[in-house]
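Counting in my numbering, the sequence shown runs from 96 upward without gaps. We put the CB at the ideal spot given by N, CA and C, even for glycine. Every value quoted in this text rests on a predicted model; they were computed, and no experiment measured them. Just below is one structure, and these are the notes that go with it.
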Amino acid sequence: MVDAAPITPGPFRKVMGLFATGVTVIAAREGDEIHGMTANAITSISLDPLLALVCVDKQARMNRFLQSAGGFSINVLSEDQEALSRYFAGSWKPPAPPEFRFLPWEGGPRLIGCVAAAGCAIDRTVEAGDHWIVVGRVIALHEGDPTARPLVFFGGRYRRLAELEVPVPPEEWSNDAVHIYYDEWSGTDLSPPLTGEESPP
Ligand SMILES: Cc1cc2nc3c(=O)[nH]c(=O)nc-3n(C[C@H](O)[C@H](O)[C@H](O)COP(=O)(O)O)c2cc1C
Numbered sequence: 096m097v098d099a100a101p102i103t104p105g106p107f108r109k110v111m112g113l114f115a116t117g118v119t120v121i122a123a124r125e126g127d128e129i130h131g132m133t134a135n136a137i138t139s140i141s142l143d144p145l146l147a148l149v150c151v152d153k154q155a156r157m158n159r160f161l162q163s164a165g166g167f168s169i170n171v172l173s174e175d176q177e178a179l180s181r182y183f184a185g186s187w188k189p190p191a192p193p194e195f196r197f198l199p200w201e202g203g204p205r206l207i208g209c210v211a212a213a214g215c216a217i218d219r220t221v222e223a224g225d226h227w228i229v230v231g232r233v234i235a236l237h238e239g240d241p242t243a244r245p246l247v248f249f250g251g252r253y254r255r256l257a258e259l260e261v262p263v264p265p266e267e268w269s270n271d272a273v274h275i276y277y278d279e280w281s282g283t284d285l286s287p288p289l290t291g292e293e294s295p296p
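Here it is in structure tokens:
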């Protein structure tokens with residue numbers, strides 16, 4: 096048997112980069128100092144209790160601030176805030192920083208002008224390879240200007256949302272069982288078909 100070629104980080108990043116995300120700035124305060132870090136590895140986890148997470152590179156300076164602050168804010172950037180994403184990702188080139196302002200807030204400082212924000216108290220930190228998964232208990236929520244549009248990151252580039260010509264209603268979902276029926280299995284390079292409860296009788 097010939098071993099499959101090992102998957103290297105480059106293709107992994109490329110494939111995962113095809114998952115379109117918003118862009119956030121995670122912010123934490125240590126004394127008088129505020130530290131922000133651009134992050135898109137964030138997700139909501141739980142409604143009871145309210146939990147959200149951010150994955151932080153072990154090399155990031157952000158870790159020191161998170162540890163001592165005990166909380167952080169997740170600030171969802173608007174499409175007008177691309178410069179802030181570059182700035183807080185360390186890729187801003189001009190000599191003067193872009194304009195921004197933080198407000199004192201619960202969990203961590205809140206970035207003015209963002210689409211939305213969540214303030215979190217750190218619940219736990221879990222080691223995962225070269226990152227820390229930082230789980231936060233959500234203690235504050237903020238909705239910004241309802242007409243503001245989010246910045247989007249896809250395929251390693253910043254994007255804008257395009258409005259559909261015919262608006263569709265917002266998506267809703269539930270945890271009710273979904274039954275999946277297979278007529279045939281014709282996959283070649285994917286996992287085998289699902290078996291068990293959701294297979295047809
Ligand atoms: C769109 C985008 C998303 C990013 N997402 C993350 C992320 O989720 N976690 C992370 O650790 N770094 C992420 N980064 C990289 C950090 O922003 C970057 O390494 C930053 O310089 C770390 O800041 P610090 O070392 O000053 O804390 C992202 C960068 C960009 C441009």
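Compute the Euclidean distance between the alpha carbons of G297 and A211, then round it to the nearest angstrom. An answer regarding residue 297 cannot be provided, because it is not within the stretch 96 to 296 covered by the chain.
Are three or more beta carbon pairs between the region 145-162 and the region 214-223 nearer than 8 Å? These segments touch.
Which value, in whole angstroms, describes the spacing of the CA atoms of R181 and W187? Our two residues, R181 and W187, have alpha carbons roughly 5 Å apart in a direct line.
Rounded to whole angstroms, how far is the Cβ of I234 from the Cβ of G203, which I believe are closer than 8 Å? Separation of the CB atoms of I234 and G203 is rounded to 10 Å, and the pair is thereby denied contact status at 8 Å.
For ligand 1, I want to know if F183 counts as a neighbour, meaning its beta carbon is within less than 7 Å of at least one of the ligand's heavy atoms. Answer for F183: yes, Cβ within range of ligand 1.
Does the distance from the C-beta atom of P245 to that of G117 stay below 8 Å? Yes; because the gap between Cβ atoms is below 8 Å, this pair is in contact.
Among V120, G185 and H226, the one whose alpha carbon lies nearest that of V151: Among V120, G185 and H226, the Cα nearest to that of V151 belongs to H226.
Which term fits N270, buried or exposed, when burial requires 16 or more other beta carbons within 10 angstroms of its beta carbon? By the neighbour-count definition (other C-beta atoms within 10 Å, threshold 16), N270 is an exposed residue.
Check whether the region 258-265 and the region 132-139 touch, using three or more Cβ-Cβ pairs below 8 Å as the test. When C-beta atoms of the region 258-265 are compared with those of the region 132-139, fewer than three pairs fall below 8 Å, so the two segments do not count as touching.
Of the residues A257, I275, Y253 and G231, which one's Cα is nearest the Cα of D143? Measuring from the Cα of D143, the nearest candidate turns out to be G231.
Measuring straight from C-alpha to C-alpha, what distance separates G126 and G165? The straight-line gap from Cα to Cα measures roughly 12 Å.
Ligand 2 heavy atom lying under 7 Å from the CB of D225: Ligand 2 is not part of this structure, which contains only ligand 1.
Would you tell me roughly how many angstroms separate the C-alpha atoms of M157 and P106, rounded to the nearest one? If I take the Cα positions, the gap works out to 26 Å.
Same chain only: Cβ atoms within 7 Å of L179, ignoring 5 sequence neighbours per side: Closer than 7 Å at the Cβ level, and outside the excluded window around L179, lie V120, L172, P193 and F195.
For T242: DSSP bridge partner residues: DSSP output for T242 lists no bridge partner at all.
So what's V263 in DSSP terms, helix, strand or just coil? It is coil, neither helix nor strand.
Near I228, which residues of its chain fall below 6 Å by C-beta distance, leaving aside the five closest residues on each side in sequence? Leaving aside the five residues that flank I228 on each side, the residues in its chain whose CB is nearer than 6 Å to its CB run, in chain order, L148, C150 and V221.
Report yes if the C-beta of M157 is less than 7 Å from at least one heavy atom of ligand 1; otherwise report no. Because some heavy atom of ligand 1 lies under 7 Å away, the Cβ of M157 counts as near it: yes.
Suppose you measure from the CA of A100 to the CA of A191; what does that come to, to the nearest Å? Here the alpha carbon of A100 sits roughly 46 Å from the alpha carbon of A191.
Determine whether the beta carbon atoms of R219 and N170 lie at a separation below 8 Å. Their beta carbons are not under 8 Å apart, which means R219 does not touch N170 by this criterion.
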